[in-house]
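Using our numbering, the first residue of the sequence shown is number 1351, and each one after it goes up by one.
Even for Gly, the Cβ is constructed at its ideal location relative to N, Cα and C.
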Amino acid sequence: MTNPRDKLTYTEPLAVGEVAVDAPPEEVYRLVSDPVAMAQFAEEFYKARWIRGATEAAVGNWFSGSNRNGWRRWVTHAEIVEAEPGHRFAYRVRTPFFVPISRWEYDIAADGDGSRLTVTNWLRVPRWFVPFAIFITGEPDRAGTNLSNIDTTLQRVKQHFETRRAA
């Protein structure tokens, strides 16, 4: 188990994962830049909705994410900070009461006939909030959990595109 306080350097990602996907970068981007659709592939993140009048991925737009771990439930707000179709989608996450939590980056590169999708998660939570985050989420090993969740999400995304191609 990783001590969350040991990973609060903010100079390196908390968790990274990548996968080859049998779809062109534009298709992969359309999926990963739609948080409402991506919720069906994730673990803790299970529901999203656009907020503040947003209806699509664009820099400055916001969405709300509903998350769960066992019986625990929490909501986050995310602001899109990068939206480059076919290449990169990134957003920063905070609590509804303005405490920064993380940054998520989705990088997409052409890879033969398909794409290589890389997900990078950066921790941004202030040290004083770590005990509260552990209590809220029930997860003392955020690095290990995010690494596992990224892998699960990437495998589900890969299967989604492979199933569509087979049909």
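Integer-rounded CB distance, given that residue j should sit under 8 Å from residue i
i            : j            : result
residue 1441 : residue 1417 : Contact flag wrong, Cβ pair sits at about 14 Å.
residue 1392 : residue 1471 : With a Cβ gap of about 12 Å, residue 1392 and residue 1471 do not count as contacting.
residue 1476 : residue 1449 : 7 Å
residue 1368 : residue 1467 : 6 Å
residue 1420 : residue 1488 : 6 Å
residue 1412 : residue 1394 : Their Cβ separation, rounded to whole angstroms, is 19 Å, which puts residue 1412 and residue 1394 out of contact at 8 Å.
Range of the contiguous beta strand (DSSP E) that encloses residue i
i            : result
residue 1473 : 1464-1473
residue 1433 : 1422-1434
residue 1411 : No beta strand (DSSP E) holds residue 1411; DSSP gives it neither H nor E.
residue 1457 : 1450-1461
residue 1440 : 1438-1444
Beta-carbon spacing of residue i, residue j below 8 Å
i            : j            : result
residue 1381 : residue 1469 : no
residue 1433 : residue 1409 : yes
residue 1474 : residue 1453 : yes
residue 1398 : residue 1414 : yes
residue 1458 : residue 1438 : yes
residue 1424 : residue 1500 : no
residue 1375 : residue 1465 : yes
Where residue i falls, given that 16 or more other Cβ within 10 Å makes a residue buried
i            : result
residue 1579 : Within the shown structure, residues of the chain are numbered from 1351 to 1517, placing residue 1579 beyond reach of any answer.
residue 1378 : buried
residue 1291 : A question about residue 1291 goes unanswered here, because the residues of the chain that appear run from 1351 up to 1517.
residue 1513 : exposed
residue 1446 : exposed
residue 1401 : exposed
residue 1361 : exposed
residue 1482 : exposed
residue 1493 : buried
residue 1509 : exposed
First through last residue of the alpha helix (DSSP H) which encompasses residue i
i            : result
residue 1501 : 1492-1516
Reduced DSSP secondary structure (H/G/I, E/B, other) of residue i
i            : result
residue 1382 : helix
residue 1479 : helix
residue 1395 : strand
residue 1377 : helix
residue 1365 : strand
residue 1407 : coil
residue 1389 : coil
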